[in-house]
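Visitor: The sequence shown begins at 13 in the working numbering and counts up one residue at a time. First the structure, then my questions, so here it is.
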Amino acid sequence: MKYLYEEQVAPGELVEISPGVLWLTMPLPFELDHINLYLLRDKAGWIVIDTGLGTSTTKSLWEQVFDQLDGPISGVLVTHLHPDHVGLAGWIADKFDVPFYMSQTEYFSARAFGAGKNGAPKTRDVRYFHQAGLEASLVTQLTSGSDKGYSSVVSPLPVSYSRLKHGMVLTINQQRWQIIIGKGHSPEHVCLFNQDKKILISGDHILPMITPNIGAYSTEPEANTLKDYLDTLPQFKSLPDDVIVLPAHKLPFMGLHQRVDELIAHHQEHLNALTDACQQSQTVASLLPVMFKRELSNGNMVFAVAECLSHLNYLVSEGVITRHLNMNGVYEYIQG
Ligand SMILES: [Zn+2]
């Protein structure tokens with residue numbers, strides 16, 4: 013694999029990757045401290061690909077970007093519903109009153125998460141963590157947060173959208189961008205491929221240096237998102253290997269086929285390690301050290317449990333391991 017740049021651009025700065033394709037970053041207040049966004053030249057201005065978290069910091073950086081551009085924003089396209097991607101989509105799309113593009117599942121999921129639990133009890137969330145075998149005090153900590161997490165960092169979404177579907181082609185200033193849907197990291201994640209420019213905007217579906225989180229979260233504890241992910245990765249090997257991949261985190265790179273193989277191998281290693289560990293009866297909690305070598309903070313714990321569970325759901329569905337609910341209401345997993 014080859015990286016096209018040695019380091020990240022400073023937030024708010026614009027880098028031309030190819031004529032009419034600009035790269036910029038916005039800061040994130042997490043361990044992963046940035047997100048890459050892209051701008052595509054349109055006839056009437058610029059189309060924004062992903063938007064950053066809905067915070068005042070990101071807004072003021074965007075204001076600086078708007079000032080630097082030689083035209084207005086003419087559309088907003090979001091790869092998937094996660095807050096660092098969709099955070100300011102509504103703010104930008106409604107400020108310029110322009111079309112807003114998203115896939116259907118991502119759009120409506122984002123609207124639903126934005127609306128919160130709407131007063132529904134948290135019993136199911138508590139059960140999800142309890143069944144994973146976490147200590148009661150930790151379960152309380154993880155489930156006692158406010159219902160407003162998502163909407164606190166996502167500005168109100170536009171109340172209408174333009175639907176992106178797998179296989180369709182968006183023509184932007186005579187450039188053809190093919191929509192390729194990837195699943196597993198999020199339910200209907202949009203990637204954009206331009207054959208002439210040999211550019212793939214991969215969002216979070218394909219990342220260099222780090223692996224996209226593949227989780228089974230409390231919203232759908234039985235989800236087999238790892239199968240979704242492994243089923244929608246190989247299609248990218250039918251694209252030319254010399255495409256420039258523009259990911260949502262870390263650096264633009266070349267070497268798509270190798271990265272797809274590495275991502276598949278990474279999950280296969282985790283599946284093998286979990287299978288070995290399940291020679292004895294295990295719980296999600298007892299298996300976390302098999303997948304994660306470092307100490308997990310509460311923030312990371314939610315992702316770690318979901319990632320571990322997605323692998324276990326995969327192994328159960330493939331018949332490699334079985335699970336049963338023990339007397340304490342915790343799932344135990346064992347080979348055979
Ligand atoms: Zn994401």
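Ideal Cβ placement from N, Cα and C applies to all residues, glycine included. From a predicted model like this one, the values you see are computed outputs, not experimental measurements.
Would the segment 46-53 and the segment 62-71 be scored as touching if the rule is three or more Cβ pairs under 8 Å?
Guide: yes
Visitor: Who's in the neighbourhood of ligand 1, going by beta-carbon under 5 Å from any heavy atom, listed in chain order?
Guide: The set of residues with any CB-heavy atom separation to ligand 1 below 5 Å comprises, in chain order, His94 and Asp216.
Visitor: Whole-angstrom Cβ separation of tyrosine 326 and glutamine 294, contact assumed at under 8 Å?
Guide: Cβ atoms of tyrosine 326 and glutamine 294 stay farther apart than 8 Å, at about 15 Å.
Visitor: Tell whether a beta-carbon distance below 8 Å holds between alanine 316 and leucine 308.
Guide: yes
Visitor: Report buried or exposed for tyrosine 140, applying the criterion of at least 16 other Cβ atoms within 10 angstroms of its Cβ.
Guide: buried
Visitor: Within 10 angstroms of its Cβ, does tyrosine 241 collect 16 or more other Cβ (buried), or is it exposed?
Guide: buried
Visitor: So does the segment 249-258 actually touch the segment 296-315, counting three or more Cβ pairs closer than 8 Å?
Guide: Output reads no: the segment 296-315 does not touch the segment 249-258.
Visitor: Can you say whether histidine 278 is buried or exposed, counting buried as having 16 or more other CB atoms within 10 angstroms of its CB?
Guide: exposed
Visitor: Step through the CB atoms of chain C and report whether any lies within less than 8 Å of the CB of histidine 201.
Guide: In the structure shown, chain C cannot be found, because there is only a single protein chain.
Visitor: Taking the beta strand (DSSP E) that valine 302 falls in, what are its first and last residues?
Guide: Not the beta strand (DSSP E): valine 302 falls in the alpha helix (DSSP H), residues 296-303.
Visitor: What does a CB cutoff of less than 7 Å around glutamate 28 pick up in its chain, not counting 5 residues either side in sequence?
Guide: Leu34
Visitor: Grab the span of the alpha helix (DSSP H) containing asparagine 312 for me, first residue to last.
Guide: 310-329
Visitor: With H, G and I counted as helix, E and B as strand and the rest as coil, what does DSSP make of tyrosine 343?
Guide: strand
Visitor: Go ahead and label glycine 167 buried or exposed: buried means 16 or more other beta carbons lie within 10 angstroms of its beta carbon, across all protein chains shown.
Guide: Before going further, note that residue 167 is serine rather than glycine in the sequence given. So serine 167 ends up on the buried side.
Visitor: For glutamine 187, is the classification buried or exposed, using 16 other Cβ atoms within 10 angstroms of its Cβ as the cut-off for buried?
Guide: buried
Visitor: Give the straight-line distance between the Cα atoms of isoleucine 276 and valine 77, rounded to the nearest whole angstrom.
Guide: 37 Å
Visitor: So, is tyrosine 113 buried or exposed, given that buried needs 16 or more other C-beta atoms within 10 angstroms?
Guide: It counts as buried.
Visitor: Taking 7 Å as the limit between beta carbons, can you name the residues of its chain near proline 199, skipping five residues before and five after?
Guide: Thr117, Glu118 and Ser121
Visitor: Compare the Cα-Cα distances from lysine 134 to each of Ser230, Tyr173 and Lys305 and report the closest residue.
Guide: Ser230
Visitor: Could you tell me which whole beta strand (DSSP E) segments of length 3 or greater appear in the segment 76-152?
Guide: 85-89 and 112-115
Visitor: Closest by CA to serine 174, which one among Ala124, Pro111, Val342 and Val328?
Guide: Pro111
Visitor: How would you call lysine 160, buried or exposed, if buried means at least 16 neighbouring beta carbons within 10 angstroms?
Guide: exposed
Visitor: Whose C-beta lies closer than 7 Å to the C-beta of methionine 339 among residues of the same chain, with five residues either side of it excluded?
Guide: If we look at methionine 339 and ignore the five residues flanking it on each side, it has no Cβ neighbours.
Visitor: What do you get for isoleucine 222, buried or exposed, if any count of 16 or more other CB atoms within 10 angstroms of its CB means buried?
Guide: exposed
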